[in-house]
C-alpha cells in the first residue's frame, strides 16, 4: 500500500480582499507531495505560488478545500495548535533570512529548540552546534548576522529550520537575495539535506536553474496549476 | 503641500502622533499650571497674610516717648481719609489686659473697635451672636475668641472683668521704667459671642477679647481717645503679581498719609505690606523649583519626541530619497521634519496651555481665594508670564529634539530609493570631505564647557551673591541642583547593567523560555535601550533625592534641634526691636539683655523645673600666658549648673565630666573650653589660660575644668580649627567670673545687678505640659515684653509638619514626572516592538505560542523599566545621603538613617505598572495578527 502523501492539498480556493474587491489567489488547486520529495513551485508574480506555499507551510488557511500536513487536518486546527504543528514539524527558510539580529548564529539556531522546550540547555547547544557544522559554519557560531555574508546567513536560517528535526522544510525564494554562486551552494545544501536526511522540501523560486534541484516543478499561473515538470515527469491537473 | 504631506504622515502614524501630543499636553499643561499657581499665589498673597498680620495696611499710633500716648481719632481720620489711595480707616484700642472671670484670670489681647466703621478682618461666630452694644443688663457686649474662652472657661452670658492700664510715656533716650505700679481701670462686659477671627487682632490664632470702642472709651475714662488708627489701602495696589511692587505702592500711600498728618507726631507700621515684601523672596525660589521641574519633565518629553520623529524619518527614508531624485533640496527635507514637529507642537502646547490654565482658574484660584478670605477679584483668565515661560521652555526643548532627525532627513541620499544597500556606504562627496579641512566646532564647544566652571566661580556667583540679585541666585542654585541630579543619574548609569542582570537572573528562573529571548534583547539592544533607561533614570533620580532628603530631615530633626538648641525652652531677652506689627508699635530698642525684675519674675514661674541664665557674649582673647598662642574668643557666663536643663545628648565632654558644669558656677576663675580651642592652645583639664577682660591691663587666669565638644545652646565648642581661627570659639565660665571679666576694674567694683543675661534656658517642671507652659509664657511675655520664646519640641513638630506638606507637594511633582516618563516608556517600547515586526512575524511563523511573545515583551519592558527606576532611585538616595552626611559632618551632628516610605515605593509601583501596560498595549495588534499577515505587511 502506497504511503500517504505528507502534504495533501485538495481543491483549495483562496481569495484576498483588496479594498472592496475579492481577488482570487488560488482557484481549485490540488497538490500531493510524497515524503522525502523536493518540489519547486514556480510561476510569475501573482500566480499564487507564494499563497500555495504559505498554505502548505500552515501559515495561511485555505479559503475552501482540504489541506493535510503530515497527517494533520490543518483546516480544523486552531491558531495555537497550528503554531505547535509548525514548531514540531515544519521548518521555514525565508528570502530575507529573518534572523534575529541580536542573537548569534548559535542562538538563532537554538531559538526554535528553546520554544519547543524538549531539550535541556546542554543538549540544545550541542544540537545547534551540530546543525551549524552540518551547514559548514562551525567556525562562525558566535558571529552575529551582521557579521555574516548573505550565504552564511541563509545557512544559519537553514540550520534553524532544521533545529526541531522537522519533517517538512518550506523555502520562500531562498536564493532570491544571493548571487548565483552562493545560490547554487545553498540549493546544493538543501538538496543534500533532502537526500541524506529525507526531509520533504517545498520551495518557491523564479530561477529555473534553482528549480532544477527539485524532483519536480509545479507551475502556477493565475491561481491554477498549469504544468508540472518532473524527472520523471508527473502531471497534476487543477480542478476548477 | 508641505503641510498636506506632514499631516498625512501624522495621520498614518496615529499612535505615535497621539503619544507626542499627549506628552506635550501633560508636560506643558503641568508647567503652565505650576507657573500660574505661583502667579496666583503671588496675587493672593496679600490676602493670605492678612490672617497672620492683620487685614490692614497701616497702623498709626503715638510714639511711646510722646507725652500724650493716646490720639484724637477724629483729627487723624479726617486727614487720613482725604488721602488718595486710602480705602478705609478706623480708630481702635489694642492692649494686653487682665481678664478675670469666675475663678480664673489671665493676661489676654484686647481689641476695642467700632463695628460700624471697622471692617478690617472677619469674625466668625461659633456660639451666641455678634452684639457689642449695651444690653438691658446695662453691660456692653464682648466677643471672646475661642482659645481664650477655652483657657478661661468662658461661655456666652458670662460676665468678665477687664483691667486695663493706659500706655504711659517713656523718657526719650532711656529704657522703659522698671518696677512701679500702673493705674489700671476696671470694667465688666457680658460675653455675647464666642468666635474665631481672621485679620482682626493682627495676630494669628484666637486669643483675645473684642469689644466696642465707645464702651471701652467710656468705661476706661478715655474721653474719646483711641490708641491707634488702622488704615486699609485700595485693593488695586495688590493686583500686581509682583509683591514687591505692591508693597512699594503701598508705601507711597503711607508717605502721603504721613505728609497729611504732618511731621513726626505719629509712628507708622505697615504690617501687611511688610509681610508681603518679606514673603516675596519665597516666590523666586518656588519659581526656580518649578522651572527646574519643568525643564526636567519637558526634557523627558523632548527625548520622547526625538525618538518618535527619528523613527518616522527612518521609515520615510525611501520617500525622502524619491523627493531628492525629483529635485527637492536638502533644506526642503529638513523643513519637512521641522513642520512635523511644529504641527505636533502647536497642537500639544496649545492644548497644554488651555488645560493648565483651566486647572489654575478652576482649581487653584478658588482654593487660594478662599484661603485669602475673599473673592477671586480680577484674577486674569490667562497668566501671561506662566504661558510665555512654558512656551519658551517647550520651544527650546522641541527645537533641540528636532535637530538630529531633521539633519538626518536632510542627509538622505538618492541611492536610498535605488539601492538601499549601497546607500549605507560612503559616497564620493563624503570621501572628498576627508581631504578638506573644516572648522571643528566641537573644539570650540569643549572650550565653552570648560569655561563654565570658572565663569560661574569668578563671575556669576560673586555678582549674584554680592549684589543680592535673588532671581539669579535662585536660578544658579537650582541649576546647580539640576546639574547635580542629572550628573548623579549619569554617573549611576553604570549600575543599570548589574541591575538588569539581576532581574534577568530572576526572569530566567521564573520564565526560562522567555528568559532566553529577553536576556539577549535587553543586554544587546544598545541605542534603544539606553534611551529608555536614560529617560527613566533621570525621571527617578530627582523625586528619590527630594523624598529621601525630606525623610532624612524629618528623622534627624529631633536630634539636630536638641543638639543645637540644648534645652527644651529657650527664652531670649528683648532684642533690638524694630517697630513691630504687634500690640506695642514703636517700642524702644533695648540692649538685648533682660531687665532684672523681668528676669526674676520669669524664673519664678512655677511651670519651670530648672532655669539657667546665660549671659551675653563678651569678646575676649585667650592666651597661654607665655606668649606662644593667643586667639580671640567669646566668653559666656552661666549662673547655674546646666545639666538639669540640657538634653543629655546636648552635652559632650572630651575631658572632665559633667561635674565641670557645676564647678564653673561654684568656683570662680574656672572655665570649660571647646575641643578646637584646647587643640589650638594644646591645653587641657587642670591647665591654666589667661583671659582678657574689659578695659586696659585687665586679665584673669582661669583653670580649665572641662573640655567640651558640645554644650548645646550656649556657644561654639567645635573641633573645627577654622572656627577657632575666626574667633568663634566659646569659653564658658560662671556668672560671677563673667561679671568680673565684663567689667572694667578702673571703673570701680562691678555692679552685681548689672544686666548681662540674654537668654534663659529652662526645662518644664515634672508633670508640667510643655506646650501649655510655652503658650502661657508667650501670652504673658511675648507681646508685653517682646520676649522670644523658643520651644524645641514645638520647633521639631513644626518642621515635621512642614515636611508633611512638602511631601504632598513632592508626590504631586513625582506623579507629574512619572506620567511623562510613562509616556516615554510607552513610546519607546511601542516603537521598539513596531520595529521588530519581522522578528515577531518570524517567531510566530516558526511556531512561537502567543503567550510566549507576550511574556517576552512584558519581561523586556519590566526589566528595562525596573532596572532604570532602581538605578535612578539609588542615585537619588545616595546623593541625598552624601549631602546629609556632609552637612552633619560640618555641624558635627550624627546622621540617623531614614528612607522615604511613600514616594519611592509609589514610583516603583507606578513604573512597573506602566511598563506592563505599555507592553500589553504595544503588542496587542501583533499578538492578534497571524504570522503571514505580519510578514506580508513588511
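Chains as they are written, first to last, in my numbering: chain A, 1 to 240; chain B, 241 to 1178.
Think of the CB as a built atom: it goes at the ideal place given N, C-alpha and C, for glycine as much as any other residue.
Cα-Cα separation, residue i to residue j
{"i": "residue 666 of chain B", "j": "residue 525 of chain B", "result": "With a pLDDT of 48 at residue 666 of chain B, under the threshold of 50, the modelled position of this residue cannot be trusted, and the question is left open."}
{"i": "residue 224 of chain B", "j": "residue 757 of chain B", "result": "Look at the range of chain B in this structure, 241 to 1178, and you will see that residue 224 of chain B is not part of it."}
{"i": "residue 300 of chain B", "j": "residue 330 of chain B", "result": "10 Å"}
{"i": "residue 1068 of chain B", "j": "residue 46 of chain A", "result": "37 Å"}
{"i": "residue 259 of chain B", "j": "residue 801 of chain B", "result": "49 Å"}
{"i": "residue 1256 of chain B", "j": "residue 937 of chain B", "result": "Residue 1256 of chain B cannot be examined here, being either before or after the span of chain B that is shown, 241 to 1178."}
{"i": "residue 167 of chain A", "j": "residue 89 of chain A", "result": "5 Å"}
{"i": "residue 989 of chain B", "j": "residue 975 of chain B", "result": "15 Å"}
{"i": "residue 1010 of chain B", "j": "residue 1003 of chain B", "result": "8 Å"}
{"i": "residue 855 of chain B", "j": "residue 972 of chain B", "result": "10 Å"}
{"i": "residue 647 of chain B", "j": "residue 551 of chain B", "result": "13 Å"}
{"i": "residue 363 of chain B", "j": "residue 438 of chain B", "result": "7 Å"}
{"i": "residue 508 of chain B", "j": "residue 320 of chain B", "result": "13 Å"}
{"i": "residue 869 of chain B", "j": "residue 903 of chain B", "result": "26 Å"}
{"i": "residue 404 of chain B", "j": "residue 349 of chain B", "result": "11 Å"}
{"i": "residue 103 of chain A", "j": "residue 623 of chain B", "result": "55 Å"}
Candidates the options: closest to residue i by CA position
{"i": "residue 160 of chain A", "options": "A:198, A:137, A:177", "result": "A:137"}
{"i": "residue 471 of chain B", "options": "B:442, B:751, B:448", "result": "B:442"}
{"i": "residue 1180 of chain B", "options": "B:560, B:644, B:630", "result": "Residue 1180 of chain B cannot be examined here, being either before or after the span of chain B that is shown, 241 to 1178."}
{"i": "residue 634 of chain B", "options": "B:335, B:887, B:264", "result": "B:264"}
{"i": "residue 17 of chain A", "options": "A:53, A:39, A:63", "result": "A:63"}
{"i": "residue 180 of chain A", "options": "A:9, A:52, A:207", "result": "A:207"}
{"i": "residue 559 of chain B", "options": "B:803, B:249, B:843", "result": "B:249"}
{"i": "residue 312 of chain B", "options": "B:476, B:501, B:730, B:1118", "result": "B:501"}
{"i": "residue 1033 of chain B", "options": "B:809, B:637, B:792, B:336", "result": "B:809"}
{"i": "residue 214 of chain A", "options": "A:78, A:40, A:150", "result": "A:40"}
{"i": "residue 294 of chain B", "options": "B:1120, B:511, B:950, B:917", "result": "B:511"}
{"i": "residue 1155 of chain B", "options": "B:773, B:793, B:1174, B:982", "result": "B:773"}
{"i": "residue 36 of chain A", "options": "A:70, A:128, A:148, A:152", "result": "A:70"}
{"i": "residue 557 of chain B", "options": "B:691, B:574, B:492, B:542", "result": "B:574"}
{"i": "residue 1103 of chain B", "options": "B:751, B:790, B:740, B:998", "result": "B:740"}
{"i": "residue 713 of chain B", "options": "B:568, B:523, B:484, B:369", "result": "B:523"}
DSSP bridge partner residues for residue i (one or two, in chain order)
{"i": "residue 13 of chain A", "result": "A:64"}
{"i": "residue 350 of chain B", "result": "B:335, B:449"}
{"i": "residue 171 of chain A", "result": "A:93, A:203"}
{"i": "residue 1029 of chain B", "result": "B:811"}
{"i": "residue 300 of chain B", "result": "B:469, B:508"}
{"i": "residue 158 of chain A", "result": "Answer is none; residue 158 of chain A lacks a bridge partner."}
Where residue i falls, given that 16 or more other Cβ within 10 Å makes a residue buried
{"i": "residue 296 of chain B", "result": "buried"}
{"i": "residue 117 of chain A", "result": "exposed"}
{"i": "residue 637 of chain B", "result": "buried"}
{"i": "residue 145 of chain A", "result": "buried"}
{"i": "residue 1214 of chain B", "result": "What is shown of chain B runs 241 to 1178, which leaves residue 1214 of chain B out entirely."}
{"i": "residue 432 of chain B", "result": "buried"}
Local conformation of residue i per DSSP, three classes
{"i": "residue 836 of chain B", "result": "helix"}
{"i": "residue 438 of chain B", "result": "strand"}
{"i": "residue 944 of chain B", "result": "strand"}
{"i": "residue 971 of chain B", "result": "strand"}
{"i": "residue 201 of chain B", "result": "There is simply no residue 201 of chain B to check, as chain B begins at 241 and stops at 1178 in what is shown."}
{"i": "residue 404 of chain B", "result": "strand"}
{"i": "residue 469 of chain B", "result": "strand"}
{"i": "residue 369 of chain B", "result": "coil"}
{"i": "residue 870 of chain B", "result": "strand"}
{"i": "residue 949 of chain B", "result": "strand"}
{"i": "residue 310 of chain B", "result": "coil"}
{"i": "residue 242 of chain B", "result": "helix"}
Any chain D beta carbon closer than 8 Å to residue i
{"i": "residue 114 of chain A", "result": "Checking the listed chains, one finds no chain D in this structure; the protein chains it contains are A and B."}
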